[in-house]
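Every number in my numbering is 1350 more than the matching position in the sequence shown, counting from 1.
Built from N, CA and C at the ideal position, the CB exists for glycine as well.
Just so it is clear, the structure is predicted and the values come from calculations on it, not from any experiment.
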Amino acid sequence: MATINESGYKTFTATAVALSQNVRVLLDSSGTVSVAGATDDWIGTVTTDVAASGRATVRLRNAPGTFFMVASAAIAVGDAISATAAGKIDDGTAEGGAMTFEALTAATADNDIIEVVAN
């Protein structure tokens, strides 16, 4: 019998592509994680850099509290967040998957790490 996970974190194996800390990831049918695209159904964010085929600890997207995520462009505090390519996020004006998160800190450029909260 399987057990449930109440910690909000789960470890998976990454695909043959390395993952950068704080990017959004998806789970494939093999049970491995890879970078989520703009319209992919993501499961959470990676907590550390992960080598190709390495073990990835994922902060599940339904975990309580705030998240760190990687911006793809400038984002202002209070902006609604949308998903973009390469596991990143942008303000609600970007094309991509709708997300129910709000920026708590600002980003000034691509690859800035910001704090977001589910809303």
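Rounded Cβ spacing between residue i and residue j (contact assumed at less than 8 Å)
{"i": "Ser1432", "j": "Met1449", "result": "6 Å"}
{"i": "Gly1404", "j": "Ala1364", "result": "5 Å"}
{"i": "Val1466", "j": "Thr1416", "result": "7 Å"}
Neighbour-count burial assignment, residue i, 16 or more Cβ in a 10 Å radius
{"i": "Ile1463", "result": "exposed"}
{"i": "Thr1353", "result": "exposed"}
{"i": "Val1375", "result": "buried"}
{"i": "Asn1469", "result": "exposed"}
{"i": "Ala1388", "result": "buried"}
{"i": "Ala1459", "result": "exposed"}
Cut-off 8 Å between Cβ atoms - residues of its own chain near residue i, not counting five sequence neighbours on either side
{"i": "Thr1382", "result": "Phe1362, Thr1363, Ala1364, Thr1365"}
{"i": "Ser1384", "result": "Ala1364, Thr1365, Val1367, Leu1369, Val1375, Leu1376, Asp1378"}
Residues near residue i by beta carbon distance below 6 Å, same chain, minus five either side
{"i": "Lys1438", "result": "Val1420, Ser1422"}
{"i": "Thr1397", "result": "Thr1407, Arg1409"}
{"i": "Ile1441", "result": "The residue asked about is misnamed: residue 1441 is Asp in this sequence, not Ile. Closer than 6 Å at Cβ, skipping near neighbours: Ile1425, Asp1429."}
Extent of the continuous beta strand (DSSP E) run through residue i
{"i": "Arg1411", "result": "Where Arg1411 is concerned, there is no enclosing beta strand (DSSP E), given that its DSSP letter is neither H nor E."}
{"i": "Thr1361", "result": "1359-1364"}
{"i": "Val1400", "result": "That residue, Val1400, is in no beta strand (DSSP E); it is neither H nor E in DSSP."}
Cross-strand partners of residue i (DSSP beta bridge)
{"i": "Asp1383", "result": "According to the sequence displayed, residue 1383 carries Val and not Asp. Beta-bridge pairing links Val1383 to Ala1364, Leu1377."}
{"i": "Ile1464", "result": "Met1419"}
{"i": "Ala1457", "result": "Ile1425"}
Nonlocal neighbours in the same chain, by C-beta distance under 7 Å from residue i, ignoring five residues either side
{"i": "Arg1411", "result": "Trp1392, Ile1393, Gly1394"}
{"i": "Val1400", "result": "Ala1364, Ala1368, Leu1369, Ala1406"}
{"i": "Leu1454", "result": "Thr1416, Val1427, Glu1465, Val1466, Val1467"}
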